[in-house]
Amino acid sequence: MLTDIISTHLNVIFCGINPGLKSSNDGHHFSGRSNRFWKVLHQAGFTPYEIEAVNDTSLLDFGYGLTTAVARATSRADELSKEEFDESLENFKLKITKYQPKYVAFLGKAAYKAFSKKKEILWGEQPEDFCGAKVWVLPNTSGLNRGFSLDSLVMYYKEFHHSVHES
146 MLTDIISTHL NVIFCGINPG LKSSNDGHHF SGRSNRFWKV LHQAGFTPYE
196 IEAVNDTSLL DFGYGLTTAV ARATSRADEL SKEEFDESLE NFKLKITKYQ
246 PKYVAFLGKA AYKAFSKKKE ILWGEQPEDF CGAKVWVLPN TSGLNRGFSL
296 DSLVMYYKEF HHSVHES
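Shown next as structure tokens:
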């Protein structure tokens with residue numbers, strides 16, 4: 146299992162859908178070669194340099210954390226069932242309530258759709274809070290997500306970065 150990188154009162158907890166097999170085996174978030182998370186985070190201004198996955202815990206130094214909506218590792222997020230999201234919701238709520246981040250950023254729409262029970266979700270800031278945290282939904286940085294170029298990912302994450310640091 147992949148361990149959360151988390152502490153209380155962070156600016157942002159980034160929430161992936163679930164661990165990829167490589168990340169789960171390595172024990173480091175976003176360690177898959179094709180995943181663009183660390184590159185996007187740096188280029189969007191969240192970190193002053195590109196963190197390597199093996200140093201993922203250093204993200205805490207910048208006021209950010211990492212978790213997943215569902216703990217089970219898969220090669221593709223679409224291998225998860227609706228029941229797995231439903232079963233994960235209560236633990237996820239407890240985690241966000243306990244750690245009290247300012248923002249939860251869902252990486253991809255799948256987890257937030259399942260947790261909020263909404264049919265349609267737009268990218269960006271959401272109108273309602275989640276356990277006291279402001280919510281953003283950002284495109285997933287997985288290499289399997291070919292619908293977003295590196296530049297477009299960076300654009301969405303920069304918009305979020307500006308929102309986090311203006312408040």
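Residue numbers (this note's numbering): 146 to 312. For each residue, glycine too, the CB sits at the ideal point set by N, CA and C.
DSSP state of residue i mapped onto helix, strand, coil
i	result
LYS184	helix
VAL215	coil
GLU311	helix
PHE207	helix
PHE142	Residue 142 falls outside the range modelled here, since the chain spans only 146 to 312, and no answer is possible.
Cβ pair residue i, residue j closer than 9 angstroms
i	j	result
GLY292	TRP281	no
SER233	ALA214	yes
THR286	PHE182	yes
GLY177	GLY190	no
ASN170	GLY288	no
ALA198	SER168	yes
GLN188	LYS303	yes
Supposed close pair residue i, residue j - CB separation, criterion 8 angstroms
i	j	result
LEU298	VAL185	5 angstroms
PRO246	ILE158	4 angstroms
PHE305	PHE260	18 angstroms between Cβ atoms; not a contact.
Other residues of its chain near residue i: CB distance less than 8 angstroms, five sequence neighbours each side excluded
i	result
PRO284	LEU252, GLY253, TRP268, ASN290, GLY292, PHE293, SER297, LEU298, TYR301
HIS174	LEU147, ILE150, GLY161, PRO164, SER168, PHE182, ALA198, ASP201, LEU211
GLU273	SER261, VAL280
TYR244	ILE151, SER152, THR153, HIS154, LEU155, ILE158, GLY210
SER203	ILE196
Own chain residues within Cβ distance below 7 angstroms of residue i, not counting five before or after
i	result
VAL249	ILE158, CYS160, ILE241, PHE275, ALA278, VAL280
ALA255	ILE162, ALA222
LEU205	ILE150, SER152
HIS307	none
Distance cut-off 8 angstroms: residue i Cβ against heavy atoms of the ligand GDP
i	result
GLU273	In the structure shown, the ligand GDP is absent, as is every other ligand, since no ligand is present at all.
Residues near residue i in its chain [Cβ-Cβ closer than 6 angstroms; skip 5 each side]
i	result
GLY210	ILE150, ILE151, LEU155, ILE158
THR192	LEU186, PHE207
Along the chain, which unbroken stretches of the alpha helix (DSSP H) at least 4 residues long are found entirely within the region 226-293? 227-244, 254-261
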